[in-house]
Structures are given as structure tokens and as C-alpha cells.
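S.K.:
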Amino acid sequence: MKFWRRTNMLRIGIAGMGGMGWFHASRYAQIQGVELAAIADVRPDRLEAKHAVQINIENKASQPDLSSVQRFADAEQLIAAADVDIIDICLPSYLHAPYTVQALRAGRHVLCEKPMALSLPDADRMIAASKESGRKLMIAQCIRFWPEYQFLKKVVREESFGNLLSLNLYRIGGRPAGWGWEDWFMDPARSGGSLYDLHIHDVDFVNSMLGAPEQIHASGRRSSPGSSCEIIHSIYQYANGPQVSIHAGWSEV
Ligand SMILES: NC(=O)c1ccc[n+]([C@@H]2O[C@H](COP(=O)([O-])OP(=O)(O)OC[C@H]3O[C@@H](n4cnc5c(N)ncnc54)[C@H](O)[C@@H]3O)[C@@H](O)[C@H]2O)c1
Numbered sequence: 003m004k005f006w007r008r009t010n011m012l013r014i015g016i017a018g019m020g021g022m023g024w025f026h027a028s029r030y031a032q033i034q035g036v037e038l039a040a041i042a043d044v045r046p047d048r049l050e051a052k053h054a055v056q057i058n059i060e061n062k063a064s065q066p067d068l069s070s071v072q073r074f075a076d077a078e079q080l081i082a083a084a085d086v087d088i089i090d091i092c093l094p095s096y097l098h099a100p101y102t103v104q105a106l107r108a109g110r111h112v113l114c115e116k117p118m119a120l121s122l123p124d125a126d127r128m129i130a131a132s133k134e135s136g137r138k139l140m141i142a143q144c145i146r147f148w149p150e151y152q153f154l155k156k157v158v159r160e161e162s163f164g165n166l167l168s169l170n171l172y173r174i175g176g177r178p179a180g181w182g183w184e185d186w187f188m189d190p191a192r193s194g195g196s197l198y199d200l201h202i203h204d205v206d207f208v209n210s211m212l213g214a215p216e217q218i219h220a221s222g223r224r225s226s227p228g229s230s231c232e233i234i235h236s237i238y239q240y241a242n243g244p245q246v247s248i249h250a251g252w253s254e255v
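Just so we're aligned: the sequence shown equals residues 3 to 255 in this note's numbering.
1) Under the assumption that Cys114 contacts Gly20 (Cβ atoms under 8 angstroms), give the Cβ distance between them as a whole number of angstroms.
2) Going by Cα to Cα distance, which pick from Ala83, Glu161, Val112 and Ser162 is closest to Gln72?
3) Would you report the Cα separation of Ala125 and Val255, rounded to the nearest angstrom?
4) Note the first and the last residue of the continuous alpha helix (DSSP H) segment covering Phe25.
5) Per DSSP, which residues does Glu37 bridge with? Please list them.
6) Below 7 angstroms CB to CB, which residues in the same chain sit around Leu197 once its five sequence neighbours on both sides are set aside?
7) Output needed for Tyr151: all residues of its chain with C-beta closer than 7 angstroms, excluding positions within five of it in sequence on either side, in chain order.
8) Let me make sure I understand the geometry here. Which of Gly243, Ile141 and Val55 has the alpha-carbon closest to that of Ile158?
9) From this set, Phe74, Gln34, Tyr30 and Asp87, which residue's C-alpha is nearest Glu50's C-alpha?
10) Can you tell me which residues form a DSSP beta bridge with Cys92?
11) Apart from the five residues just before and just after Ala142, which ones in its own chain have a Cβ nearer than 7 angstroms to its Cβ?
12) Please name the residue in Gln245, Pro100, Gly195 and Gly194 whose C-alpha comes closest to that of Gln217.
13) Specify, as a first and last residue, the run of the alpha helix (DSSP H) that Gln143 falls within.
14) If distances are taken between C-alpha atoms only, which option among Arg110, Gly180 and Ala17 comes closest to Ala1?
15) Closer than 8 angstroms: is that where the CB of Glu115 sits relative to any heavy atom of ligand 1?
16) Mind checking which residues open and close the beta strand (DSSP E) that includes Gln239?
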């Protein structure tokens, strides 16, 4: 599929203008060489700046000017018709796989919010669609790019404080009830619960810094049957490397 090109900028279309969609939109305005060209959401009010959604991540960027972007009533229409190079998937997690595959097959590169998918077969389908289409797929596992984590990686790699023997990561938060569209975070079938939504950040960071471990021992416990709030303890063991302990979860309050 060919699209008419107006500039030599990389043109972005965001699917899902909730908390993360608006966060990404404000950041594109600060990056040279990219242009936010289209947005989509099933809720028309979400397409207007006065309804921009605030989230629990500090955002020093100012509200983006979206007066000239194309607007679409859902992700499917955006993928089919927007004049963009890259689709940025900021949809609820259970929609990542289907719309990523659709966008790649439509010839777009994809940046997809974490978690990549809620099952291994879905993740495999996304990778296969990227390979078959020759289009890039990147998952927005952001923690590994944060300065504090980059610093940690550097001192570990350079052994600035000696050999790393033990690493403890701790990520506990209140449950995100009422945050998302249709309260999807609180539905384990749509969010994967705190295991997929929160723990995944540290799992990704540890894998990016130390590689895949030899062994993992992990246990998790839901606060009540069917709840998306789990408290998870994971121990990663490396043959000649450190012991890693990751503790994560949402509390019920
Ligand atoms: N990287 C991070 O640190 C971080 C932080 C928060 C959320 N996230 C991830 O970002 C994703 C989005 O989370 P959020 O907090 O923005 O959720 P949200 O519910 O605030 O936003 C999702 C938006 O998608 C829209 N939507 C639903 N179905 C649609 C469709 N078919 N087409 C177009 N729009 C549709 C909803 O109306 C809503 O506005 C999730 O996967 C979440 O896990 C990542």
C-alpha cells in the first residue's frame, strides 16, 4: 500500500488516545524528524485536547497542538486510511496483538505499548507479521531507556562498584481501578493483571541487562479469586552471575 508523502518527516498515527496516547502525543512534539499526523479513539471526546488524560507518570511536556492531525473513529480506520509511516498502539493490552498484526500487514511500522501481548502465540504472530511484511516492530518497554536504569546498566557492565552479586527490584503500586476505558485494567482477561501490566517492566529490564537467566523460581498470589491484583515474587538465577529478586504487584487499595 502506498501513501502520499507530504514531508520527509516520519509520520505517526496513534491508536488509542487514553492516558498513554496523550502522553506519547506530547512527547512526539519534542522529537525532531517525526510528526504526529493522525489519532484514533472509539470515544470522540478523547480526540480533543481539552479531554487529554493525565496519568501517574510525570510529564513536563506541554499539551501538543493537534489542530491539523487526521482523526479516526477507531484503530481499524486509522490503519486503513491514515497517511502515516508508523502506527503507535496505545490501546488496552488485549488489543495489542490484533491491531499490531493488522498494521504490519498494512505496510506500517509499529511501536506497541507494553505488555507486548497476553499470550505467547499472540506475541509469535506479531513477530511473524513483522518478518513477513519487512516492517519494524518495537515494544515500548520504556524502563530500560530511563536514565536511572541506564546508569545502573553502565555501572554493572563496567563493574564500577565491583561484581554484581545480588539485585533486588521492587515495584508495588495501588490498583489502577477506574483508570482505563471500561475499567479494563481490573479485568485480568484484558490486562493480564499486575503480572503482565507491572511485573513485566522489571522482567524486561533484567533480561535487557543480564540476558536470560538459567533458572526462574516464581510465585504469585491473587488477592481474591479472579482479581487482577497479584503479588509476585520472582528469583532469577544465573550460572556465574548474580541472584536477582523481583517483587511486584498491585495492592487492593
Ligand atoms: N509504558 C508505560 O509505563 C505504560 C504506562 C501506562 C500504560 N501503559 C500501557 O499502555 C496501554 C494503554 O494504557 P492506557 O493507560 O492509555 O489505557 P486507557 O484505557 O486510558 O486508553 C486506551 C484508549 O483506547 C481507546 N480504545 C479502545 N478500543 C479502541 C479501538 N478499537 N480503537 C481506537 N481506540 C480504542 C479507549 O477509548 C481509550 O481511550 C496499555 O497496554 C497499558 O498497559 C504503559
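Every residue, glycine too, gets a C-beta built ideally from N, C-alpha and C.
M.R.: The relevant details are as follows:
1) Rounded, the Cβ-Cβ distance is 15 angstroms, inconsistent with contact.
2) Taking only the C-alpha atoms, the option nearest Gln72 is Ala83.
3) 31 angstroms
4) Gly21 to Tyr30
5) Arg13
6) Gly222, Glu232 and Ile234
7) Ile145 and Phe207
8) Looking at the sequence provided, one finds Val at residue 158 rather than Ile. When the alpha-carbon of Val158 is set against those of Gly243, Ile141 and Val55, the nearest one is in Gly243.
9) In terms of Cα proximity to Glu50, the closest of Phe74, Gln34, Tyr30 and Asp87 is Phe74.
10) Beta-bridge pairing links Cys92 to no other residue.
11) Leu113, Cys114, Glu115 and Lys116
12) Gln245
13) Looking at the DSSP string, Gln143 is not in any alpha helix (DSSP H), and its letter there is neither H nor E.
14) It is not possible to answer for residue 1, since the shown part of the chain is limited to 3 through 255.
15) yes
16) Per DSSP, Gln239 is one residue of the beta strand (DSSP E) stretching across Glu232 to Gln239.
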